[in-house]
Structure formats: C-alpha cells, structure tokens
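Asks: Numbering (the UniProt record's numbering), first residue to last: 1 to 404.
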C-alpha cells in the first residue's frame, strides 16, 4: 500500500492525535480512555462544591453504552473461526446472533491501553470502507476484546481474491479493481479526518471483504504487523498456489506502456514463421489444463495523484462497465521449460484501469510448479524440447477483457 499511495499527499499518521468533526485537536495519551480523560487533582479539590477526591466507582452494567460503543460480556460472544493474528487474535463470531469480527488482545500490562488506542483510532468513523467498533469488553474483564461489524467472509481479503483467481478471470479483475477503489476511498476519508499516528504508515491495517464485495480497513495500534496492497495480492497467490514468488510486472513501468493492438498499423515486429507455434486465444481457453492465474501489482510514476481521484476514477469505470483491460499474449523465448497447454494469466493491477492489463504467458517461471507436468521449474533448467519460438516479448494477440 505504501507503493500504491506513494504519490498521495496530506496523509500522515501520528500516535494519539486526531481531529474531530469540528476541527478541534484531541490528544489521546495514555491518560485518556475511550470513556473520557482523567480529572486532575486540582480540578477535583478546588472549590467547596467540588466532588470528593474519591468518588465511588459505578459498576458498568451489561449493555451500557459509552461513546456509542456497547460494553458486553465475553460469555455473550460466540467465536466461530480464527481469521488472523498480530497484536491479538481476530475471530469471526456472533454477538446476539449478529455476525461480528472479534479482536482478542494478548494479555499484558498494557493490554487495556492497546484496546483503548484501537478504539480511539476507529470510533466516530462513518465510511463504507472502514470497519466500525461496536462492542468492547469491560475494563475488569479477564480477557480484553473488541467486536466490530461483520466485514469478513474469509480469513482476510486474500481468501476471496484467491478464490476468484481459481474460478474466473473476469471476476479476478473486477475484485482487484474494487480493492484498489475501496482502499483509496477509505484512506482518503482518513486523510480528511486528519488521522495521525506517529510511527505508522498506511501499511498498518487489516483488510477484510464482506459478503457484498466491499473492502473494509481496520486500523491497528503501532505494534501491529504491516500489510500492503502488493502483499495482499501476493498473499492471494500464496493461498492458491502454495508458492512465495515475488513477481515483477511483465509490462514495463513506463507512463505509456508499449501496447501493440493486434490490428494496429504501429511499428511492431513483423510476423514470422517462428511465431506459428504460438497457441491462439481460442485454443488455449479450451485446453484441458486450466490457466494459472496470479495478481501482480504495478507501480507507475504518474505524478501526484489524490486518493479521491483514484477511487472515483476506478469506481466510475466499474459502474459504467468501462473497466475492460487489455490482454496480451507473450512468449519468453529464453525459457527452457516447455509443456504444451501451459498458460499463466498475470492480472497486473495499477491505480487506473487503463494501466492495468492481463499478460498471458505460455511457459512457467523458475521455481514455479508447472500446472501441466507438476514439476518445479529449475533456475537453470536445460532445454527439454525443440520448438520454434517467437522472439522474447513479442505480442501475439491483444484483446479487451471486461469484468462481469
């Protein structure tokens, strides 16, 4: 995500400082809690009508709300599935038959501070791409937790992304573009709210997906692990293929990539007899071996881009069915591993649909498990077959594919 938003401005995060809707700065230090700041001794002792120094603590009853957040008992929660970990454990669960995401914090001397910091960073938000905190545990509870609105149908966003890769190319493109648009919109809202968290960047978030294909951001305390857009996409690849290969975009990262349409009169390598062995689009889609699909994140220097512009542009393309992306078929003449029928579709995503594309390869990469012979491709594998190949990087076909 740091790469994705490297050109975005006016977005910084600092610990414990945020602006409310009126523009007033609120400092959330360790003396602040989600229930209000502690009273100073001078404020309590000044004046004959002041409150006594020791006010009997009122017990917090079940179901009582503080700052719009309900205090609930742990026994009322039903945990159904662990969906992640970090500074605490994330679970899918139910509260009064209502689906929620429950974050259980690791026990320790600062556990309540971690909970309160998490709540202070999340409460008061009203945005479709930000996960809202709805319930918290009592300060006296043996296990500290928060419960958020239902926002996940899988472990994290990479689960549905991996399923889309396996099932449908158009769905994979559609879901990938929705993630970029949703995260951009959520981050833009945070920047408008002047959220600051010192030592944190935009990577300190959990990303979820709800049943309506809506991506949700959950803000974590400073001790959380980091997640980025490229890492979420790589995680989806790992879930599906059980491999940890860091792909570089096959498309050069230029302001205007050298796309050559099939019917274009632009200068391009003339067709040769060597290119006749390429598998045509109609044939490779009918192969018995389903194509391997992966996500690749493409970083493009397009100058300053606002998060709002990225979100609006992609969302508009999705709504107007203008989110078709170019499909290129490339042949790597230097690859030694050749299995008939192999196809890998790299779904290359960028901050615009125009710069996104699907690149189709006819040979596996080193360290990849070939989907045809199921062998691991060696780094320096010897030639196994004799075949006439097109020059490296030659475009054999280019089509437009529109997500459904």
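Even for Gly, the Cβ is constructed at its ideal location relative to N, Cα and C. None of these values were measured; they are calculated from a predicted model.
Assuming residue 315 and residue 362 form a contact by the criterion Cβ under 8 Å, report the distance between their Cβ atoms to the nearest whole angstrom.
Replies: Contact flag wrong, Cβ pair sits at about 34 Å.
Asks: Using the C-alpha atoms, what's the distance from residue 236 back to residue 159?
Replies: Distance between the alpha carbons of residue 159 and residue 236: 6 Å.
Asks: Based on Cα-Cα distance, which residue from 129, 164, 122 and 144 lies nearest to residue 108?
Replies: 144
Asks: Is the beta carbon of residue 84 less than 8 Å from the beta carbon of residue 206?
Replies: Cβ atoms of residue 84 and residue 206: closer than 8 Å.
Asks: Quick one: grab the DSSP three-state call for residue 321.
Replies: coil
Asks: Could you check how far apart the C-beta atoms of residue 218 and residue 148 are, in whole angstroms? I think they sit under 8 Å.
Replies: Here residue 218 really is in contact with residue 148; their C-beta atoms are around 7 Å apart, less than 8 Å.
Asks: Between residue 215 and residue 179, which are expected to be in contact by the criterion C-beta below 8 Å, what is the C-beta distance as a whole number of angstroms?
Replies: 5 Å
Asks: Going straight from the alpha carbon of residue 110 to that of residue 292, what length do you get?
Replies: 46 Å
Asks: In this structure, does DSSP put residue 168 in helix, strand or coil?
Replies: coil
Asks: What residues match up with residue 215 in a beta bridge as DSSP calls it?
Replies: 209
Asks: Taking all protein chains shown into account, decide if residue 48 is buried (16 or more other Cβ within 10 angstroms of its Cβ) or exposed.
Replies: Confidence is the limiting factor: at residue 48 the pLDDT is only 45, short of 50, which leaves the residue's position unreliable, though a coordinate-based value still follows. Exposed, because fewer than 16 other Cβ atoms sit within 10 Å of the Cβ of residue 48.
Asks: Measure the alpha-carbon distance for residue 353 versus residue 322 and round it to whole angstroms.
Replies: 8 Å
Asks: Could you tell me the boundaries of the beta strand (DSSP E) in which residue 294 lies?
Replies: 292 to 297
Asks: So the beta strand (DSSP E) residue 98 belongs to, where does it begin and stop?
Replies: For residue 98, the enclosing beta strand (DSSP E) stretches over residues 98 to 105.
Asks: Output the distance between the C-alpha atoms of residue 344 and residue 184, rounded to the nearest integer angstrom.
Replies: Roughly 29 Å between the two C-alpha positions.
Asks: From which residue to which residue does the beta strand (DSSP E) around residue 71 run?
Replies: 69 to 71
Asks: Thinking C-alpha only, which one of 365, 234 and 176 is nearest residue 213?
Replies: 176
Asks: Assign residue 354 to one of three DSSP states: helix, strand, or coil.
Replies: coil
Asks: Can you tell me which of the three DSSP states residue 326 falls into?
Replies: strand
Asks: Answer yes or no: do residue 134 and residue 70 have a C-beta to C-beta separation smaller than 8 Å?
Replies: Inclusion of residue 134 and residue 70 in the CB contact set at 8 Å is warranted, their separation being smaller than that value.
Asks: Pull up the DSSP beta-bridge partners for residue 303, would you.
Replies: None; residue 303 has no bridge partner.
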